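Q: Structure below; questions to follow.
Protein chains: 6
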Amino acid sequence: MRPSGRAADAMRAVRFTRHFTRHAEGSVLVEFGDTRVLCNATVESRVPPWLKNKGRGWVTAEYSMLPRSTHERMVREAARGKLGGRTMEIQRLIGRSLRAAVDLEALGERQIIVDCDVIQADGGTRTAAISGAYVALRDAIRKAREQGLIRKDPLHGHLAAVSVGIFNGTPVLDLDYDEDSQAETDLNLVMNEAGGVIEIQGTAEGHAFRRDELDQMLDLGEKGIREICDAQRAVLAEG
Amino acid sequence: MRPSGRAADAMRAVRFTRHFTRHAEGSVLVEFGDTRVLCNATVESRVPPWLKNKGRGWVTAEYSMLPRSTHERMVREAARGKLGGRTMEIQRLIGRSLRAAVDLEALGERQIIVDCDVIQADGGTRTAAISGAYVALRDAIRKAREQGLIRKDPLHGHLAAVSVGIFNGTPVLDLDYDEDSQAETDLNLVMNEAGGVIEIQGTAEGHAFRRDELDQMLDLGEKGIREICDAQRAVLAEG
Amino acid sequence: MRPSGRAADAMRAVRFTRHFTRHAEGSVLVEFGDTRVLCNATVESRVPPWLKNKGRGWVTAEYSMLPRSTHERMVREAARGKLGGRTMEIQRLIGRSLRAAVDLEALGERQIIVDCDVIQADGGTRTAAISGAYVALRDAIRKAREQGLIRKDPLHGHLAAVSVGIFNGTPVLDLDYDEDSQAETDLNLVMNEAGGVIEIQGTAEGHAFRRDELDQMLDLGEKGIREICDAQRAVLAEG
Amino acid sequence: MRPSGRAADAMRAVRFTRHFTRHAEGSVLVEFGDTRVLCNATVESRVPPWLKNKGRGWVTAEYSMLPRSTHERMVREAARGKLGGRTMEIQRLIGRSLRAAVDLEALGERQIIVDCDVIQADGGTRTAAISGAYVALRDAIRKAREQGLIRKDPLHGHLAAVSVGIFNGTPVLDLDYDEDSQAETDLNLVMNEAGGVIEIQGTAEGHAFRRDELDQMLDLGEKGIREICDAQRAVLAEG
Amino acid sequence: MRPSGRAADAMRAVRFTRHFTRHAEGSVLVEFGDTRVLCNATVESRVPPWLKNKGRGWVTAEYSMLPRSTHERMVREAARGKLGGRTMEIQRLIGRSLRAAVDLEALGERQIIVDCDVIQADGGTRTAAISGAYVALRDAIRKAREQGLIRKDPLHGHLAAVSVGIFNGTPVLDLDYDEDSQAETDLNLVMNEAGGVIEIQGTAEGHAFRRDELDQMLDLGEKGIREICDAQRAVLAEG
Amino acid sequence: MRPSGRAADAMRAVRFTRHFTRHAEGSVLVEFGDTRVLCNATVESRVPPWLKNKGRGWVTAEYSMLPRSTHERMVREAARGKLGGRTMEIQRLIGRSLRAAVDLEALGERQIIVDCDVIQADGGTRTAAISGAYVALRDAIRKAREQGLIRKDPLHGHLAAVSVGIFNGTPVLDLDYDEDSQAETDLNLVMNEAGGVIEIQGTAEGHAFRRDELDQMLDLGEKGIREICDAQRAVLAEG
């Protein structure tokens with residue numbers, strides 16, 4: 001039924017490659033099937049101006065797609081001279097989601113910026129980015145703790161994101177580009193490992209969706225996020 | 001319990017003033033309590049470049065806050081030279097929501113732009129804007145039909161938006177600024193009159209919210225949207 | 001003779017509505033007939049960088065037209081990414097005019113910004129804005145004095161603005177849009193209540209105007225400004 | 001009395017050097033004392049988009065100061081990424097003034113742009129620019145007529161500009177930088193050779209000025225403009 | 001002597017990975033040691049406006065560094081709102097170099113854009129980018145020929161780039177970051193496989209360099225470029 | 001052979017006019033034949049932020065062409081809102097070249113900015129600019145030494161720039177516009193008076209150039225730069 005032949009509740013292959021580049025404090029290539037996003041976490045010893053001298057830190061994110069990560073080449077935002085609305089929305093979403101997993105006071109007066117650059121897009125870039133950024137963040141914090149910059153672990157627990165939607169009338173998990181471009185409804189979920197909702201963003205592209213459809217999608221999302229959290233734990237256990 | 005003394009499921013006073021200014025094809029001042037947004041709908045006989053010669057129309061929105069609509073004066077985006085991320089997110093949301101109520105083919109090759117300018121802010125400006133923009137859109141379409149520009153009514157039915165949230169542990173309807181700034185969770189809902197969900201956007205500001213909390217918030221939202229749709233029908237019945 | 005039927009020396013109805021919005025220290029809706037401008041004055045406890053530690057304050061203004069305040073919708077300057085030349089000219093004019101009425105030393109090291117947003121345009125928006133901004137400025141200063149921020153009244157006396165022009169060969173007072181778009185000469189005058197000239201800006205749109213025509217226009221302007229100052233005094237006397 | 005020792009009604013030395021650069025259709029270096037502005041007129045065979053197919057031409061101007069034309073180096077507007085308000089005001093003034101001297105229909109569907117670049121500033125750069133731009137415009141039109149592009153002379157007659165002001169209580173003609181920076185009132189006048197006013201822009205920097213002061217300044221301005229027009233005629237007579 | 005232990009005339013390991021991403025017509029990851037650049041070539045069926053209807057094509061390039069490709073995180077140019085001078089210089093250099101290898105008439109009215117995005121930087125990013133872009137260009141042209149878009153091979157022959165410099169008084173080939181940051185002279189060379197110079201850009205960072213030093217650097221460069229061309233041929237022979 | 005009738009190794013007339021404007025600390029009009037560039041050097045008592053408190057100074061340059069310095073009018077970069085790539089490349093080149101002649105420590109914590117504005121262009125504007133900027137820099141430093149701001153002379157010796165190229169198969173010195181627009185190769189050289197190379201930037205516009213062609217061009221360049229340095233010495237000797 002699904003173009004990829006997957007079952008309605010099946011995730012694509014999820015893979016995290018740590019230490020993908022060598023300069024960043026945390027550097028993770030995350031793959032959800034053919035979607036590939038490079039997540040680099042940078043620890044900086046300064047905070048944004050409005051946070052100065054408050055004894056707290058900050059976590060933020062930037063998101064960008066390489067011009068030819070997509071079927072058609074996109075014009076570079078740096079060449080246009082401004083960020084598009086979609087980019088801003090996504091980087092605000094990633095930042096808010098990550099902050100939900102971090103005790104900003106335990107971080108101290110420092111900032112962690114996670115750069116999420118899409119190398120290849122096949123649907124679900126923002127959910128892959130959040131899931132990978134979490135691992136990069138974790139590596140960056142580990143390094144900062146080894147260097148004695150941070151004493152207490154500021155991370156609350158695992159967090160991941162996945163998209164769900166209604167495709168040909170059926171709720172499905174983790175939409176790829178073929179599904180995404182035809183889905184009637186698209187819902188992005190960010191949840192913690194306990195199943196608590198951190199962000200929910202859904203749009204009816206076709207007909208407005210009913211409460212029971214929303215419930216089915218939430219069930220699928222919970223399942224997917226559990227699996228992504230498992231994959232995160234596995235790769236982080238490698239030391 | 002609520003700073004305003006309202007019951008958990010009580011909306012603020014909702015008011016629509018049609019024909020608020022004289023040049024726009026649809027001009028509505030919407031008030032949700034002390035939140036006041038001017039929604040002006042303009043009908044243009046051209047479509048965006050990527051829609052040319054496709055036999056379909058377009059509906060879009062722009063959103064802005066007057067610098068002193070808020071407690072502290074905000075710097076004008078025109079002076080900064082760029083739109084902020086929040087503004088872009090909101091105007092994209094308004095546009096998507098309105099398009100869900102319109103048959104773009106019936107509209108023909110024309111564009112309707114709804115400008116939503118916040119005159120005074122007290123929480124819920126985006127949901128008030130969507131609810132008011134719908135009325136302005138309706139007036140603009142009525143005028144275009146009277147002028148013989150559009151033959152078939154392109155509007156599917158009523159649509160409104162409201163915010164719900166968790167304040168002091170209790171789910172509440174239609175948050176004002178005092179509540180919004182302290183809420184643990186903030187959820188914006190756009191629904192049609194039949195209770196179908198068009199947009200759902202929720203953020204856990206404090207703890208991640210549970211499925212049962214989400215259900216309670218959705219119930220409150222449905223109630224609020226029913227009331228706003230009633231108010232829309234009443235004011236539009238005045239002819 | 002005039003499209004509106006007014007006598008050559010007749011002003012449109014001038015109305016000031018104070019406390020139009022609730023957050024600004026001074027908030028006035030000014031109407032010159034169908035021209036409606038919202039003037040919000042904000043008192044800030046800082047001055048521009050080049051005025052720091054000089055013991056003086058500053059008064060400045062910003063001007064903007066809502067996209068559909070006009071017959072045809074105008075593109076938003078925030079969307080364009082820059083202020084147009086006309087906007088800059090007008091906001092510089094408003095700021096200079098207001099400063100002429102204020103003792104900047106008595107103001108102390110604080111800044112008052114008056115935002116003038118045109119809700120509906122029918123000619124004369126800049127002169128209405130100056131006349132309304134004066135009232136908003138007065139209210140903001142009154143509030144600052146009540147709060148003990150300013151001891152001595154920094155205001156020198158009343159100030160207002162009006163446009164005059166030559167329409168169909170006849171000098172006329174307070175041009176509306178129909179006149180303005182066809183006038184041979186357009187002259188904006190800012191004067192104090194004693195008839196002293198603060199700003200004079202005139203442009204011959206058709207033939208160059210003669211000294212005697214200039215004299216007639218100045219006489220009309222003086223009369224109009226006297227009437228606007230009377231209206232200001234009346235509304236401010238309400239307490 | 002005046003820092004320069006000039007009489008109240010004395011102009012600085014006015015000089016026009018034609019053919020100052022070789023590429024422009026009209027190229028004039030104008031000097032008002034130590035103020036030096038290079039005015040280059042370009043004839044283009046196209047008009048702005050909004051004038052297409054209307055059978056009329058356009059005349060416009062751009063104005064800029066070299067960074068070190070002034071006492072203190074100014075940051076380049078190209079480096080800032082935007083034109084300042086003063087620049088826009090001045091180039092709009094120059095453009096409007098020149099158009100008042102040109103029959104745009106006789107010009108045909110072509111545009112003349114006059115670039116006014118200040119090489120050295122000592123007060124009165126905008127009035128020198130207008131006076132010099134007129135000569136450059138005349139040379140450009142002469143060339144276009146020789147090439148058979150324009151048949152009928154589109155120029156109405158001479159036009160020049162000068163500043164007047166009140167310095168130490170006395171009305172004076174053609175203020176230099178020392179006077180300008182201390183003047184109580186500054187008035188820029190653009191007039192035709194018949195004494196008709198094309199533009200009048202006056203600002204009270206100190207006290208509001210009286211009608212009799214305005215009259216004295218207008219008399220001085222007329223005298224100055226007569227002298228500049230004479231100088232224009234003399235240099236243009238050289239062929 | 002060299003921090004890396006390499007001989008003065010030794011290149012770092014040069015590697016080209018073709019088909020690195022799946023959407024671009026040519027997609028090559030080039031590595032010069034730890035420097036990694038992703039080069040994606042896009043074939044578009046349109047040319048820049050100034051080339052329309054001239055029967056010729058165009059080849060251009062864009063260059064960017066991921067924010068954390070470097071030791072310290074760099075601010076994103078898209079966030080700044082403009083391209084830096086170094087970026088512009090490099091992308092102009094890449095574009096000019098590639099065009100020197102292409103018969104633009106044989107290309108027909110189409111444009112090839114090569115996006116060079118630095119994933120990890122360790123010196124020599126621009127020379128790696130040119131060398132890799134050539135391979136991506138070749139793959140993109142191969143595809144266009146297979147699709148019948150281009151009949152005649154528009155490529156003249158191989159082309160590569162390398163940096164040479166004077167490090168601790170000795171001319172060396174292919175500087176890495178440690179060398180580059182201390183080199184007295186830095187020279188970038190683009191040459192064809194026949195040893196003809198396409199671009200030469202050299203800067204004395206310390207003392208001005210002598211003609212004999214220039215000669216030694218050119219010899220080293222020729223050797224390096226011969227080796228890179230060999231590597232290009234080897235990887236392209238894989239089919 | 002050359003359009004100008006010059007011998008292959010002949011420079012155009014080189015002229016330096018010092019004290020061209022009166023405000024700048026160093027002000028030089030440099031002419032290479034019909035190419036005229038105004039070079040104004042400004043001494044500022046501050047350094048760029050990244051140089052603060054390091055005990056060293058900075059020398060930088062800005063470059064711009066007046067819109068009608070060229071055959072066709074160019075759009076002003078200030079109006080476009082950004083600097084073009086060519087402008088950035090050239091001003092970076094001028095700045096690097098000048099710094100090669102200056103002991104930045106002897107300069108102390110101050111910055112010298114040299115503004116190079118092209119009044120009239122006929123090829124070789126960047127090499128004329130560098131050669132003239134050197135003289136302006138020298139005058140500015142002389143003034144700063146007279147004022148006691150700088151004790152030790154921070155200038156190392158003379159420095160100049162010239163272009164060489166291959167025109168109709170023959171290496172030629174100091175290309176003018178007619179040659180430049182048809183040259184097969186264009187090479188810009190910056191050298192000191194001892195013949196040491198400071199910058200070399202060459203581009204093959206047609207066929208890639210051979211090593212022996214490069215040698216011939218370098219010989220011509222050395223000859224030209226010797227002559228320009230002589231002219232600099234002569235004009236500076238005038239006191």
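Chains as they are written, first to last, in UniProt numbering: chain A, 1 to 239; chain B, 1 to 239; chain C, 1 to 239; chain D, 1 to 239; chain E, 1 to 239; chain F, 1 to 239. We put the CB at the ideal spot given by N, CA and C, even for glycine. For clarity, every value in this text was computed on a predicted model and none was experimentally measured.
1. Give the residues from the UniProt domain "Exoribonuclease phosphorolytic" (160 to 224) of chain F that approach chain E closer than 8 Å (Cβ to any Cβ), ordered along the chain.
2. If you measure between the beta carbons of cysteine 229/B and alanine 133/B, is that distance less than 7 Å?
3. For proline 67/F, decide whether its Cβ has a neighbour in chain D, counting only Cβ atoms nearer than 7 Å.
4. Can you name the start and end residues of the beta strand (DSSP E) that arginine 6/D belongs to?
5. Secondary structure at aspartate 153/B, three-state DSSP: helix, strand or coil?
6. Can you pull the DSSP bridge partners for glutamate 199/C?
7. Assuming glycine 165/C is part of the beta strand (DSSP E), what are its boundary residues?
8. Can you list the residues of chain E that glutamine 120/A reaches, using a CB-CB cut of under 8 Å?
9. By Cβ distance, which residues of its chain are closer than 6 Å to glycine 123/E, with the 5 residues on each side in sequence left out?
10. Where does threonine 70/F sit, in a helix, a strand or coil, going by DSSP?
11. Short of 7 Å Cβ to Cβ, which residues in the segment 75 to 104 of chain C face chain D?
12. Where does the unbroken alpha helix (DSSP H) through valine 235/F begin, and where does it stop?
13. I'd like to know if the segment 107 to 125 of chain D and the segment 58 to 67 of chain D are in contact, where contact means that at least 3 CB-CB pairs between them fall below 8 Å.
14. Tell me the residue span of the beta strand (DSSP E) that contains arginine 56/C.
15. Go through its chain and collect everything with a Cβ distance to glycine 108/B's Cβ below 7 Å, but skip five positions before and after it.
16. Determine which residues share a DSSP beta bridge with serine 27/F and list them.
17. Consider the Cβ of arginine 73/F: report whether some Cβ of chain D lies at a distance smaller than 7 Å.
18. Measuring alpha carbon to alpha carbon, tell me which residue in Leu187/C, Gly196/C, Ala234/C and Glu227/C is nearest leucine 214/C.
19. Taking DSSP as the reference, what is the three-state secondary structure of glutamate 184/F?
20. Does chain A have any CB closer than 7 Å to the CB of isoleucine 139/E?
21. Suppose you measure from the CA of glutamine 201/E to the CA of valine 172/F; what does that come to, to the nearest Å?
22. For a contact meaning CB atoms closer than 8 Å, what does glutamate 31/C contact in chain B?
23. Assuming alanine 79/A contacts threonine 127/A under a Cβ cut-off of 8 Å, what Cβ separation, rounded to an integer in Å, is found between them?
24. So, at 7 Å on beta carbons, what are the nonlocal neighbours of glycine 33/F in its own chain, with the 5 sequence-adjacent residues on each side left out?
25. May I ask you to report which of helix, strand or coil DSSP gives proline 171/D?
26. In the DSSP assignment, the beta strand (DSSP E) including aspartate 122/D goes from what residue to what residue?
27. Does glutamate 77/B come out as helix, strand or coil in the three-state DSSP assignment?
28. Given this structure, state the Cα-to-Cα distance separating threonine 60/F from lysine 52/F, to the nearest angstrom.
29. Buried or exposed for methionine 217/A, going by 16 or more other Cβ atoms inside 10 Å?
30. To the nearest angstrom, how far is the alpha carbon of serine 4/E from that of glutamate 199/E?
31. Pull up the distance between the alpha-carbon of glutamate 105/C and that of proline 154/C, whole angstroms please.
32. Hey, could you find the ends of the beta strand (DSSP E) threonine 17/E is sitting in?
33. For the putative contact between isoleucine 94/C and isoleucine 130/C, defined by C-beta atoms under 8 Å, what is the C-beta separation to the nearest angstrom?
34. For methionine 65/D, write down the residues that DSSP places opposite it in a beta bridge.
35. Taking serine 163/A and arginine 110/A to be in contact with their CB atoms under 8 Å, please state how far apart those CB atoms are, rounded to whole angstroms.
36. Expressed to the nearest angstrom, what Euclidean distance is found between the alpha-carbon atoms of phenylalanine 167/E and glycine 221/F?
A: Quick look at the numbers:
1. Flagged, chain order: Leu187, Met191, Asn192, Ala194, Gly195, Gly196, Val197, Ile198, Glu199, Ile200, Gln201, Gly202, Thr203, Ala204, His207, Ala208, Phe209, Arg210, Arg211, Leu214 and Leu218.
2. No, the pair does not count as a contact, with Cβ atoms beyond the cut-off.
3. Output row for proline 67/F: interface = yes.
4. First-last for arginine 6/D: undefined, no H or E at that position.
5. The answer is coil: DSSP assigns aspartate 153/B none of H, G, I, E or B.
6. Partner(s): Val190/C and Thr203/D.
7. For glycine 165/C, the enclosing beta strand (DSSP E) stretches over residues 159 to 167.
8. The answer, in chain order, is Thr21, Arg22 and His23.
9. Same-chain partners within the cutoff: Leu175, Asp176, Tyr177 and Asp180.
10. In this structure, threonine 70/F counts as coil in the three-state DSSP scheme.
11. Answer in chain order: Lys82, Gly85, Met88, Glu89, Arg92, Arg96 and Ala100.
12. 211 to 236 is the extent of the alpha helix (DSSP H) around valine 235/F.
13. Yes, they touch.
14. Counted as a single uninterrupted DSSP element, the stretch harbouring arginine 56/C is not any beta strand (DSSP E), since DSSP gives it neither H nor E.
15. Once the five neighbours on either side are set aside, the close Cβ partners of glycine 108/B are Gly57 and Ile150.
16. In the DSSP output, where bridge partners are listed per residue, serine 27/F has Asn40/F.
17. At least one chain D Cβ lies under 7 Å of arginine 73/F.
18. Checking every option, the nearest Cα to that of leucine 214/C belongs to Leu187/C.
19. Glutamate 184/F falls in the coil class under three-state DSSP.
20. The sequence as given places aspartate at residue 139/E; isoleucine does not occur at that position. It does not: the Cβ of aspartate 139/E has no partner Cβ on chain A nearer than 7 Å.
21. A straight line joining the alpha-carbon of glutamine 201/E with that of valine 172/F spans about 20 Å.
22. Here the premise fails: no neighbours, minimum Cβ distance about 12 Å.
23. At roughly 27 Å, the Cβ-Cβ gap does not stay under 8 Å, so alanine 79/A and threonine 127/A are not in contact.
24. Cβ neighbours of glycine 33/F beyond the five flanking positions: Arg12, Ala13, Asp122 and Asp176.
25. Three-state DSSP puts proline 171/D in a strand.
26. Looking at the DSSP string, aspartate 122/D is not in any beta strand (DSSP E), and its letter there is neither H nor E.
27. The answer is helix: DSSP assigns glutamate 77/B an H, G or I state.
28. Threonine 60/F and lysine 52/F have their C-alpha atoms some 16 Å from each other.
29. When all chains shown are included, methionine 217/A counts as buried.
30. Answer to the nearest angstrom: the Cα atoms are 27 Å apart.
31. Taking the straight line from one Cα to the other gives about 8 Å.
32. 14 to 18 is the span of the beta strand (DSSP E), which, as asked, contains threonine 17/E.
33. About 5 Å separates the CB atoms of isoleucine 94/C and isoleucine 130/C; that is less than 8 Å, so the two are in contact.
34. According to DSSP, methionine 65/D bridges with Val118/D.
35. Not a contact, Cβ separation roughly 32 Å.
36. Using only the alpha carbons, I get a separation of about 26 Å.
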